[in-house]
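First up is the structure itself, then whatever we jot down about it.
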Amino acid sequence: MEYNGIEMLLVQAARQVKKGELVFAGVGLPIIAMAVAKKFYFSDITIICESGIVDTTPTRLAMSIADPSLAMNCTAIMTPGEIFSYFLQGGRVDVGVLGGAQVDRFGNVNSTVIGPYEKPKLRMPGSGGACEIASNAKEIMLVMPQSKRRFMEKVDFITSPGHMPDKPEVKKSIRGRGPRCIVSDLGLFEFEDREAILTGIFEGITAERVKENTSWELRCTRELKKLQPPCQAELDFIRSLDPRGIFLGKVG
Amino acid sequence: MSGKVMSMQQAIGTFVKNGQKVYIGGFTHCVPFAAVHEIIRQDIRDLEVCKMVPELILDQLIAAGVCRKIIFGWAGNPGLGNLRLFRDACEKGEPYKIEIEEYSHQGLISRLYAGASGLPFMILKSNIGSDLPAHNSAIKTITCPYTGELLSTVPAYNADVAIFHAQKADANGNVQMWGVTGEHREAAFGAKKVIVTVEELAREDEIRANANLTVFPAAIVDSVVVEPWGAHPAYVLGYYDRDNDFYINWNEKTKDADYISAYLKDWVYSVHDRAEYVKKDKNLQRLTDGVKHGI
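See below:
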């Protein structure tokens, strides 16, 4: 069975959800991963989006966070202001699922600029709702493809705060506990004493290869979990959502 | 035509002036593209534009030289990534340097809420720990007088004119919208003037029969423009689907920055209005396939 790292990422992210959780998902890989979670692992989770959409299951690829495929298959549509105030600040979101361009070992995420803010090398879209999701969801899950330029010792810009062990005063004012895990296209990172530790690797991936693609000195658990590959039904479902490979890229 | 109903040319010409603060609605649903194209055609300049998700509109406004400053929350092509001319403007000052004022989404909605509510600022639990406040001096921190915790604050935002698209309105200016209504109510109540473009005109008794759907009561609406397909390439729930191919093509074709000027020439400057745009695009009807009308 052929599959690529992104497909593996999606399935592994789906497995990191817990039974019955209320999940806040961003567009792109997060919403696809949560669709897999709901279909194959935890049918009782509730997926909400910052556009105001509550309890949705995408049946085709959602290209935007207010996509008609989400808006036409949900139990409620609130306003984004209500979602931020009542769901997020109100403390009702169990886990927020976010992507990003860079992450550091404490789970700080950058989706704003590469290089200095005033004269960036790469100007990206910015926070959207990411900062408030990271700040107010009880926990967050980060999903992003891995490379040395993405898994950074220090991110160029903190768009969404992570565990922040060096800033206890700041962390005290943030409601959420911070990142639960990072899922990349190579493996699974969980947090030990607020630092991301490699705890599982995908089939065919070595710890060495993960270290080569991480800029900080990566620590691993003694016994790395061998993470199960996706099954055919999961792959069929993922590919049916993204037949053009917009998010999945080239398979194989 | 009666009440507040105007043509697009008349509405934009009457209410949008050089140098103003203009709010543009549409949280990726009901994005008022037709109104923005009319602003470009009328060569209105030096605008301070505020839009939560400015998406392709931002590239078009920059290419047309309309926008001096952008206040935003997420400036990308939804689902696909970065905007070509927004990148060039920020990274290289090309075609010109644009002033930016950036917030998180909740930060910007909180500004709108304060503006609509007559409050000087709004508090929120976000921004703390982020690098954004270091680059935007309008984002400040206060200590809660009750609990002692740190809270983020953002100042009120009030537009000179705010522009939205919605499904229906009556001639009095009662506007109905369903599906994702986004930040529309907060933004409209804070604006001095409100222009709404709609897919169709409704009778007042239709409005009264479903009053929960009214997003803006007539009292705050200055102008209604009946503009079918006014949100294309974005979607209008119950009327037409999102033109995802358009967004995907934009992402590909704008690798060549000149594409955007060529697009404006073909689809903005050389069409008189949205009706002509609709006539020119032979491929639109596919977006109505399988769309369930109404609610």
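Going down the list, the sequences are from chains A and B. Per our numbering, the very first residue in the first sequence carries number 32; after that it's consecutive. Per our numbering, the very first residue in the second sequence carries number 3; after that it's consecutive. Glycine included, every Cβ here is placed at the ideal spot set by N, Cα and C. Since the structure is predicted, the reported quantities are computational estimates derived from the model, not experimental observations.
Query: Within 10 angstroms of its Cβ, does G330 of chain B collect 16 or more other Cβ (buried), or is it exposed?; Result: Given a span of 3 to 297 for chain B in the structure shown, any question on residue 330 of chain B remains unanswerable.
Query: Would you kindly check if the distance between the Cβ of V140 of chain A and the Cβ of M155 of chain A is under 9 Å?; Result: no
Query: Run down chain B in chain order and give the residues with a C-beta less than 8 Å from the C-beta of N167 of chain A.; Result: K127 and S128
Query: What separation, rounded to the nearest whole angstrom, lies between the Cα atoms of N160 of chain B and K53 of chain B?; Result: 12 Å
Query: Alpha carbon to alpha carbon, how far is C162 of chain A from K203 of chain A?; Result: 16 Å
Query: Can you confirm whether I37 of chain A, when its beta carbon is compared against all beta carbons of chain B, has any partner nearer than 9 Å?; Result: no
Query: Using the Cβ count rule (16 or more neighbours within 10 Å means buried), how would you classify L266 of chain A?; Result: buried
Query: Can you give me the C-alpha to C-alpha distance between C146 of chain B and L121 of chain B, rounded to a whole angstrom?; Result: 17 Å
Query: Could you check which residue in B:A173, B:H167, B:T199 and B:S154 has the C-alpha nearest to that of A221 of chain B?; Result: B:A173
Query: Using alpha carbons as the reference points, say which of A:T237, A:A227, A:D273 and A:G231 lies closest to V246 of chain A.; Result: Note on identity: in this sequence residue 246 of chain A is Ser, with Val being the wrong assignment. The candidate whose alpha carbon is nearest that of S246 of chain A is A:A227.
Query: Closer than 8 Å by beta-carbon distance: list the chain B residues that pair up with S178 of chain A, in chain order.; Result: Correct list: empty, because the minimum Cβ distance to chain B is about 16 Å.
Query: Indicate the three-state DSSP secondary structure (helix, strand or coil) for Y279 of chain B in the structure shown.; Result: helix
Query: So T230 of chain A packs on L219 of chain A, CB below 8 Å; how close in whole Å?; Result: 6 Å
Query: Look at the alpha carbon of R180 of chain A and the alpha carbon of A132 of chain A, and state the distance between them as a whole number of angstroms.; Result: 9 Å
Query: I'd like to know whether the C-beta of R154 of chain A is nearer than 9 Å to at least one C-beta of chain B.; Result: yes
Query: Go ahead and pull the three-state DSSP assignment for R91 of chain A.; Result: coil
Query: Taking 8 Å as the limit between beta carbons, can you name the residues of its chain near R113 of chain B, skipping five residues before and five after?; Result: Y105, M124, V156, P157, A158 and Y159
Query: Per DSSP, which residues does A171 of chain B bridge with? Please list them.; Result: B:V177 and B:L203
Query: Output, in sequence order along the chain, the residues in the region 228-260 of chain B whose CB is closer than 8 Å to any CB in chain A.; Result: Y237, L239, D243, R244, N246, Y249 and I250
Query: Rounded to the nearest angstrom, what separates Q177 of chain A and N244 of chain A at their Cα positions?; Result: 7 Å
Query: Roughly how many angstroms separate the alpha carbons of V223 of chain B and W231 of chain B, rounded to a whole number?; Result: 21 Å
Query: Taking just the CA atoms, how far does E151 of chain B sit from G67 of chain B?; Result: 44 Å
Query: For T155 of chain B, which three-state DSSP category applies?; Result: strand
Query: Report yes if the CB atom of G157 of chain A is closer than 9 Å to the CB atom of F29 of chain B, and no otherwise.; Result: no
Query: Measuring alpha carbon to alpha carbon, tell me which residue in A:P274, A:K256, A:I277 and A:R275 is nearest Q43 of chain A.; Result: A:K256
Query: To which residues of the same chain is G296 of chain B closer than 6 Å at the C-beta, ignoring the five residues directly before and after it?; Result: Low local confidence applies: a pLDDT of 46 at G296 of chain B is under 50, so the model's placement there is unreliable, with the coordinate-based value given in what follows. Contacts found: G240.
Query: Expressed to the nearest angstrom, what Euclidean distance is found between the alpha-carbon atoms of R46 of chain A and L249 of chain A?; Result: 23 Å
Query: Let me make sure I understand the geometry here. Which of B:R187, B:P135, B:C69 and B:K267 has the alpha-carbon closest to that of A91 of chain B?; Result: B:C69
Query: Since I believe Y115 of chain B is in contact with E188 of chain B (beta carbons under 8 Å), could you give me their beta-carbon distance rounded to a whole number of angstroms?; Result: 5 Å
Query: On the CB-based measure, 16 or more other CB atoms within 10 Å of its CB, does H31 of chain B come out buried or exposed?; Result: buried
Query: Should the region 265-277 of chain B be regarded as contacting the region 32-45 of chain B, the criterion being three or more beta carbon pairs within less than 8 Å?; Result: yes
Query: If we ignore side chains and look at the alpha-carbon of each, how far apart do L110 of chain B and Q263 of chain A end up?; Result: 43 Å
Query: Spell out a yes or no on whether the region 277-291 of chain B and the region 210-218 of chain B are touching, meaning 3 or more CB-CB pairs, one atom from each, closer than 8 Å.; Result: no
Query: What three-state label does DSSP hand T143 of chain B in the structure shown?; Result: strand
Query: Please check if any C-beta of chain C sits within less than 9 Å of the C-beta of H107 of chain B.; Result: Included in the structure are the protein chains A and B, with no chain C among them.
Query: To the nearest angstrom, how far is it from the Cα of F278 of chain A to the Cα of T16 of chain B?; Result: 44 Å
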